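Report on one structure; see the data block that follows.
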Amino acid sequence: MTPDAPAWFNHPREAWRMAKRTYWLGRFTVTTWQKFLDDGASVCGIRETDWDTLNMAEVGDYLLCYATNLSRFVGILEVTQRDYKDTADIWDPVYPSKLGVRVIVQLTPETAVPILLLQYQLSISKVGDSPLPWKDAVRRWPSPWIEADGEAVVDALLRAKSAPPLSDRLK
Numbered sequence: 026m027t028p029d030a031p032a033w034f035n036h037p038r039e040a041w042r043m044a045k046r047t048y049w050l051g052r053f054t055v056t057t058w059q060k061f062l063d064d065g066a067s068v069c070g071i072r073e074t075d076w077d078t079l080n081m082a083e084v085g086d087y088l089l090c091y092a093t094n095l096s097r098f099v100g101i102l103e104v105t106q107r108d109y110k111d112t113a114d115i116w117d118p119v120y121p122s123k124l125g126v127r128v129i130v131q132l133t134p135e136t137a138v139p140i141l142l143l144q145y146q147l148s149i150s151k152v153g154d155s156p157l158p159w160k161d162a163v164r165r166w167p168s169p170w171i172e173a174d175g176e177a178v179v180d181a182l183l184r185a186k187s188a189p190p191l192s193d194r195l196k
């Protein structure tokens, strides 16, 4: 159980089995998340300087989508095509390193999972002397996450997806 969590968060874990995969942080803003969804939600782009890092992503890996300006996780993407170069002008600025992806979980800013809700579960919350040590971990994109942290985020997003919006629960 997580202290101070909404009731839906502490329900028994859903029956879902994870295949061995790597979890990667996928960093967005509310605006770029919406643009990604509006553009078909099938291609994720990064800076050319991050090519070597993201080139390690394999088909089946998960991107844990984090909205920096909300400090919330907004979705999960599954890699469907390994990193490739493409200079097509999808975004401004141009991000020539791309991954093919498909949406596993898509939340709205209102239903997204606050990272503070997971602070007692994530190893990134337990490093350094900063009062918000996880901030450094979510600034690095792309970056692989340890399996336990990835599964904790996936579990929280799946629970949030199946719960009614907070505004409906407060009525």
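Start counting the sequence shown at 26; every next residue gets the next number (the numbering used here). Ideal placement from N, C-alpha and C gives every residue a C-beta, glycine not left out. Here the structure is a predicted model, which is why all the values come from computation and not from measurement.
Between the Cα of residue i and those of the options, spot the shortest distance and give me the residue it belongs to.
i	options	result
L102	T136, A181 and Y48	Y48
Q106	Y145, E176, L141 and M81	M81
T133	P121, K45, R46 and Q59	Q59
S187	A173, E172, I149 and A137	A137
P121	V68, L62 and I171	V68
T112	I71, C90, R52 and K45	I71
T57	S168, L143, L141 and C90	C90
D75	R184, L183, P167 and A185	P167
For residue i, which residues of its own chain have a beta-carbon under 6 Å away from its beta-carbon, when the five flanking residues on both sides are left out?
i	result
Q131	G100
G125	T105 and Q106
P169	T47 and W49
L88	W49, G51 and L102
Q146	A177
In its own chain, which residues sit with a C-beta less than 7 Å from the C-beta of residue i, not counting the 5 before and 5 after it?
i	result
V55	A92, N94, L95 and P134
Y109	K123
I171	S148
V128	A66, G100 and L102
L143	A177, V178 and A181
L79	I71, D108, S122, L124 and P167
E73	P121 and S122
Who are the near neighbours of residue i in its chain, counting only those whose CB is closer than 8 Å to its CB and skipping five residues on each side?
i	result
M43	Any reading at M43 must be qualified, since the residue scores a pLDDT of 46, below 50, and its modelled position is unreliable; the value itself is stated next. Correct list, in chain order: E176 and V179.
V84	V104, T105, Q106 and R107
E39	Any answer about E39 is weak, because its pLDDT of 39 lies below 50 and its placement is not dependable; what the coordinates show is given next. Here the set comprises D180, L183, R184 and S187.
Whole-angstrom Cβ separation of residue i and residue j, contact assumed at under 8 Å?
i	j	result
S213	A173	Nothing about residue 213 can be read from this structure; the chain reaches only from 26 to 196.
D86	R46	5 Å
I140	R97	7 Å
(request) Could I get the ranges of all uninterrupted beta strand (DSSP E) runs contained in the region 63-99, with 3 residues as the minimum, in chain order? (result) 68-71 and 87-92
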